[in-house]
Structure formats: C-alpha cells, structure tokens
Amino acid sequence: MSDGDQKTILLLDDSPANIKVLNSALKDHYRTKIATNGIKALEIASRDPQPDLILLDIMMPEMNGFEVCSRLKERPETNAIPVIFLTGKTSDEDREKGLSLGAVGFLDKPINVSLVVECLQEQLGTKT
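By the numbering used here, the letter at position 12 of the sequence shown is numbered 29, and the numbering carries on one by one without gaps.
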C-alpha cells in the first residue's frame, strides 16, 4: 500500500508500553498518530488530515476514554470517525456504555496484536 493510500490510526493510551506495541505493529501498514491524553486526542482528531479510526483506552487520567468518545461524537467534524476501545475494563456495563457512546468495537487488554489488526481491517476495509 503506498503512503497516499495508507489509512491513519490515532492511538490514544497513557501507557508508553502500549503505545510502543501498537505503533510497532501498525506502522508498516498504517500511518499512526499518538496521543497520551484525551485533550491531545481531541485536538489531533479535529485537524486535517483526520484519522480514519481511533483506538482508545478507557482508563486515563484527567479525561477518561468514555468522555473522549462522547466529545468526539458530539462534534460534527469528528462524529463519523470510528472509535474502538482497547482496554482492560471488560465488564458488560463498560462495553454497553462504550457502544452506547458510539464506539464501533471493544478489544480487551492485554493487547493481542493479531486481533487489533483484524479489527482494523474489518472496520477500514483494508488488508495488510
């Protein structure tokens, strides 16, 4: 896939280790943008070129992932960007809350790179 055809993924996680794993797994097939807090993620998501998809952790300081997703979906310029939660919060209530806020998927931590890539391919219609 040429650079011009590459989809852009915004990775939002406050853990440098998780960002490193995800970025390493995705960088050959996707453009990645990185945010370590919700405010930065909202800024990046609003700028052109916008990400094609957002991988979003729930448990973060200051602004949790649910709040980030809610704000993304409230804004006309970001409400169409698919959001997938990638988190250790695996209760049915958390899943229901995330999906009710507009997320298109929910993946569990620890990170399973194969599942993440498969989910991205499904959402973006891409093959790596």
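Don't be surprised by glycine CBs; every beta carbon is placed ideally from N, CA and C.
Ala62 and Leu137 have their C-alpha atoms spaced approximately 17 angstroms apart.
Note that the C-beta distance between Val133 and Leu89 is not below 8 angstroms.
Less than 8 angstroms separates the beta-carbon of Ala58 from that of Leu29.
Pairing Met80 with Gly142, the inter-Cα distance amounts to about 30 angstroms. For Ile26, the enclosing beta strand (DSSP E) has its first and last residue at 25-29. Approximately 4 angstroms separates the beta-carbon atoms of Val85 and Gly55; this is inside 8 angstroms, confirming the contact.
Every alpha helix (DSSP H) of 4 residues or more that sits fully in the stretch 51-92 is shown, in chain order, as 55-63, 82-91.
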